[in-house]
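Peer 1: The structure is given below, and queries will be raised subsequently.
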Amino acid sequence: MNWSILKTKFFLRVYLMVTFSCMVNMVSGKILLISMKHFIIASKVGLVCAGGFALVTLLTSKLMQNKYFLAGYVFLATGVIDYFTHPTHFGAHYTEAVTTGLGAALISIIVSFILDKKNQPTA
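Pasting the structure below:
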């Protein structure tokens, strides 16, 4: 697969995982309360995380293919960026950032396993 297409797919994957997790955590799981304001804030977090991941992958492409590195990166970057982007909506000052990072990492692992199964050759 073309390297630029692969990088674009990973950028979008990280952006969507982080944005979704951030939006859901901002409204404490009450998805009917999600507004355009929530989407804009979550999109900022998602774009910064995806941009950071794009910079990391400039160093090496092997990291991009490791599902556990990706999940770890998504957890750490999402947590830190979420913490500094907006105030928490529940718990201590760091609670939402940690749960958003954990949610994004969990989504990352699930998506990685689904894509691995999908890309396995059939006998």
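The numbering of the sequence shown is numbering that gives the first Met the number 0, which starts it at 0 and goes up by one. Glycine residues also receive a C-beta, built at the ideal position from the N, C-alpha and C atoms. Treat the numbers as computed from the prediction; the structure is a model and nothing was measured.
May I have a chain-ordered list of the alpha helix (DSSP H) segments no shorter than 4 residues that lie completely inside the segment 1-33?
Peer 2: For the segment 1-33, whole alpha helix (DSSP H) runs of length 4 or above, ordered along the chain, are 2-25.
Peer 1: With distances taken from CA atoms, which of 113, 95, 41 and 49 is nearest residue 73?
Peer 2: As a working mapping, residue 73 is identified with position 74 in the sequence shown. With distances taken between Cα atoms, residue 73 lies closest to 49.
Peer 1: Between residue 46 and residue 82, is the Cβ-Cβ spacing less than 8 Å?
Peer 2: Against the sequence shown, residue 46 aligns to sequence position 47. Against the sequence shown, residue 82 aligns to sequence position 83. For residue 46 and residue 82, no; Cβs fall outside 8 Å.
Peer 1: Take residue 78 and list the residues in its own chain whose beta-carbon comes closer than 6 Å to its own, dropping the five residues that flank it on each side.
Peer 2: The residue labelled residue 78 in the question sits at position 79 within the sequence shown. Result list for residue 78: 96, 97 and 100, in chain order.
Peer 1: How about residue 108 and residue 66: do their beta carbons lie closer than 8 Å?
Peer 2: Within the sequence shown, numbered from 1, the residue matching residue 108 stands at position 109. Within the sequence shown, numbered from 1, the residue matching residue 66 stands at position 67. Their beta carbons are under 8 Å apart, which means residue 108 touches residue 66 by this criterion.
Peer 1: For residue 80, which of 31, 110 and 18 has the nearest alpha-carbon?
Peer 2: Counted from its first residue, the sequence shown places residue 80 at position 81. Looking at the Cα atoms, 18 is the closest of the given residues.
Peer 1: Considering only the alpha carbon of each residue, which of 25, 36 and 57 lies closest to residue 90?
Peer 2: Locating residue 90 in the sequence shown gives position 91, counting from the first residue. The candidate whose alpha carbon is nearest that of residue 90 is 25.
Peer 1: With DSSP collapsed to three states, give me the class of residue 103.
Peer 2: Locating residue 103 in the sequence shown gives position 104, where the first residue counts as 1. Helix.
Peer 1: Closer than 7 Å by C-beta to residue 94: which residues in its own chain qualify, once you throw out the five before and the five after it? Chain order, please.
Peer 2: Looking up residue 94 in the sequence shown gives position 95. The residues are 87.
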